[in-house]
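Student:
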Amino acid sequence: MSLEDIERLKERVNRDPYSKLFVPLAEEYKKAGMLDEAIAVLIKGIERQPGYMSARVSLGKVYLEKGMPDEARVEFENVVSAIPDNLYAHRKLAEIYRDLGEKDKAVEEFKIVLRLNPLDEEAARNLADLKRKFTVQPPQVSLSESDFCISQGRYMEAMDMYRRLLSIEPGNMRVLQRVEELKALLKLLGKDKEKLIARLNSFLDSIKKRRDEILQNP
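Numbering follows numbering that gives the first Met the number 0, with no gaps: position 192 of the sequence shown is 191.
(1) Quick check on DSSP: helix, strand or coil for Q176?
(2) For Y28 versus I5, is the C-beta spacing smaller than 8 Å?
(3) Taking the alpha-carbon positions, what's the A197 to E144 distance?
(4) Could you check the C-alpha separation between V135 and L129 for me, to the nearest Å?
(5) Mark P169 as exposed unless 16 or more other C-beta atoms lie within 10 angstroms of its C-beta, in which case mark it buried.
(6) Just mark S179 as buried or exposed, buried being the case when its beta carbon has 16 or more other beta carbons within 10 Å.
(7) Throw me the rounded Cβ distance for the I95 and P68 pair, which I believe falls under 8 Å.
(8) Nearest-angstrom Cα distance between L164 and S141?
(9) So, at 6 Å on beta carbons, what are the nonlocal neighbours of G59 in its own chain, with the 5 sequence-adjacent residues on each side left out?
(10) Using the Cβ count rule (16 or more neighbours within 10 Å means buried), how would you classify N77?
(11) Whose C-beta lies closer than 7 Å to the C-beta of K9 among residues of the same chain, with five residues either side of it excluded?
(12) Quick one, are the C-beta atoms of M51 and K102 less than 8 Å apart?
(13) Can Q48 and Y17 be called in contact, C-beta distance under 8 Å?
(14) Run through DSSP, which three-state label would S80 get?
(15) Starting from the Cα of K65, find the closest Cα among I82, I42, A37 and give me that residue.
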């Protein structure tokens with residue numbers, strides 16, 4: 000559509016402020032790269048017809064094209080609130096949440112997309128990627144590292160490693176044995192280590208309590 004055609008369409012919209020032609024007008028502005036004009040037309044039209052969800056979808060699209068995800072998010076949230084099965088709005092919301100780092104909301108939206116369209120392979124891939132990306136990896140420490148810390152006199156670091164290892168396996172007897180050995184070593188080193196020993200005892204008590212709870216609730 001030429002600029003002259005756009006102007007004629009604009010005149011028709013101006014003659015009838017409640018016409019829904021403001022959406023096609025905004026689409027033509029968008030195609031012509033006139034994003035600010037498209038936004039202005041859509042906002043004005045939505046102010047007159049706030050329940051016209053197709054206009055909000057169009058506004059969300061323009062906001063995204065202009066690099067305004069927060070504004071687009073508001074429009075698409077309004078759409079899915081009014082029309083819960085609007086697939087396009089749910090998909091765009093999922094992508095926006097993903098890009099903004101709101102993992103839980105993104106996951107929920109991609110799940111909704113797949114409920115509405117189980118054959119949507121792209122949504123399935125996005126959902127799998129999100130779950131994989133945000134899966135918490137267990138701490139990577141080893142007993143050899145903790146032994147080295149002890150040999151260097153870095154007892155607190157060794158104790159922290161034991162804590163991380165036992166947070167994964169509270170019943171790991173090798174680690175528990177190492178904790179007891181560290182406690183015995185600290186006693187040999189003198190009274191200035193009493194606070195560390197007290198912390199170790201408290202730590203062991205909490206680990207044993209957790210282990211008992213796991214055994215009682217398999």
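C-beta atoms are modelled at their ideal positions from N, C-alpha and C, and glycine is treated no differently.
Note that the structure is a prediction, hence the values are computed from the model and not measured.
Tutor: The answer reads as follows:
(1) Reduced to three states, the DSSP call for Q176 is helix.
(2) In this structure, Y28 places its C-beta atom within 8 Å of the C-beta atom of I5.
(3) When rounded, the distance between both Cα atoms is 23 Å.
(4) With a pLDDT of 49 at V135, under the threshold of 50, the modelled position of this residue cannot be trusted; read the value that follows with caution. Distance between the alpha carbons of V135 and L129: 12 Å.
(5) Residue environment: P169 is assigned as buried (16 or more neighbouring CB atoms within 10 Å of its CB, all protein chains considered).
(6) With the sequence shown as reference, residue 179 is identified as Glu, and Ser is not the correct amino acid for it. Exposed, because fewer than 16 other Cβ atoms sit within 10 Å of the Cβ of E179.
(7) Contact holds; Cβ gap of about 5 Å.
(8) If I take the Cα positions, the gap works out to 8 Å.
(9) Taking G59 as the centre and dropping the five residues before and after it, the same chain places the C-beta of A71, E74, F75 closer than 6 Å to its C-beta, in chain order.
(10) Its Cβ being crowded by 16 or more others within 10 Å, N77 is buried.
(11) The beta carbon of K9 sits closer than 7 Å to the beta carbons of L24 from its chain, once the five residues preceding and following it are set aside; these are given in chain order.
(12) The amino acid occupying residue 51 in the given sequence is Tyr; Met does not appear at that position. Result no, Cβ atoms of Y51 and K102 do not sit closer than 8 Å.
(13) Remark: C-beta atoms of Q48 and Y17 approach each other more closely than 8 Å.
(14) When secondary structure is reduced to three states using DSSP, S80 falls in the helix class.
(15) Shortest Cα-Cα distance from K65 to any of I82, I42, A37 involves A37.
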